[in-house]
Each structure stands twice: as structure tokens, then as C-alpha cells.
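Structure first, commentary second.
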Amino acid sequence: MKTRRLAVPGVSFRGSRVQGGKGTDNFNNKNMAKRETSKGEETANAVAQVLEELRELRQEVRLAIETATNAPYKVLSAAELRQTMGISENTLRRYEKWFGIPVRKIGKKKFYLEAEVKNCILTALQFWKD
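Sequential numbering of the sequence shown, starting at 1, is according to the UniProt record's numbering.
Written out as C-alpha cells, the structure reads:
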């Protein structure tokens, strides 16, 4: 019975000793590691993208529920809204124009519904993102 020798790149069989080393390999471990890393990165990127989309959908559903329910809305005055958002009077006025935030006036005072403000800003940001 004849023994069959397998050809392994970079390794030579002489007698009973196997000669070859890490430096003489034609097989490059670095390229394989890069391929594995890139596949891992692709998977991580896909998972991150799915999680981001899920978070956006949750936000949209939450806003839809807030605006659709008959629960009493939280009414904010202009001063309360500015303090909550951490913005100035001029910035609030600009946001009213840019985002189309609905305002209710009683005399000279302005009032806003919290759910409507959130909905307008998020809608505008989604439009800007797309």
C-alpha cells in the first residue's frame, strides 16, 4: 500500500521531518482576520441600523398614541416651554415658524400643547433627515 502525500503550501516533507515556518506560509492569516472582522463589523452595523429604526418607530408610535388618546393634554405657557427646552424667546418664535408649532393665545399670552410641540419638532427633524 502506497502512502499518499498531501501538498501543503509552504511546507516541505523531507524524510520524517516537516520543515516550514510561520514566515514561509502562503496562507495569510492577516487577510483572513480582516475578512472575519469585516463580516463582524457588517453584522454589528446591521444590528445597529435595525435598533435605530426600532427606536424611531417606538418614538412615532408613542407620539401617535399621545396625540390620539383622549387623555388631558399638558398645556405649557411660553415661559414653561422655553424653560423646558432651554431656549430663548426669539428661538421659540423661530421654531414656531420653522416647525409650524400650533399656538393658542389667550389675551397676550401664548400656550402650547406638549404633544403637539413634540410632534411638530420630530416631524420637521424627520423631514430634514430624509
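Glycine is no exception: its CB is placed at the ideal position from the N, C-alpha and C atoms.
- In the three-state DSSP reduction, VAL103 falls in the coil class, being neither helix nor strand.
- In this structure, SER77 sits away from LYS97, with a CB-CB distance that is not shorter than 8 Å.
- Rounded to the nearest whole angstrom, the CA to CA distance from SER38 to GLU60 is 33 Å.
- Bounds of any beta strand (DSSP E) do not take in LYS108, whose DSSP letter is neither H nor E.
- Sorting THR43, THR84, LYS105 and CYS120 by C-alpha distance to the C-alpha of TYR95 places CYS120 at the top.
- Inclusion of LEU63 and LEU122 in the CB contact set at 8 Å is warranted, their separation being smaller than that value.
- When secondary structure is reduced to three states using DSSP, TYR95 falls in the helix class.
- For SER77, the enclosing beta strand (DSSP E) starts and ends at 75-77.
- Distance check between ILE65 and each of GLU116, GLU53 and ARG93 places GLU116 closest, using alpha-carbon atoms only.
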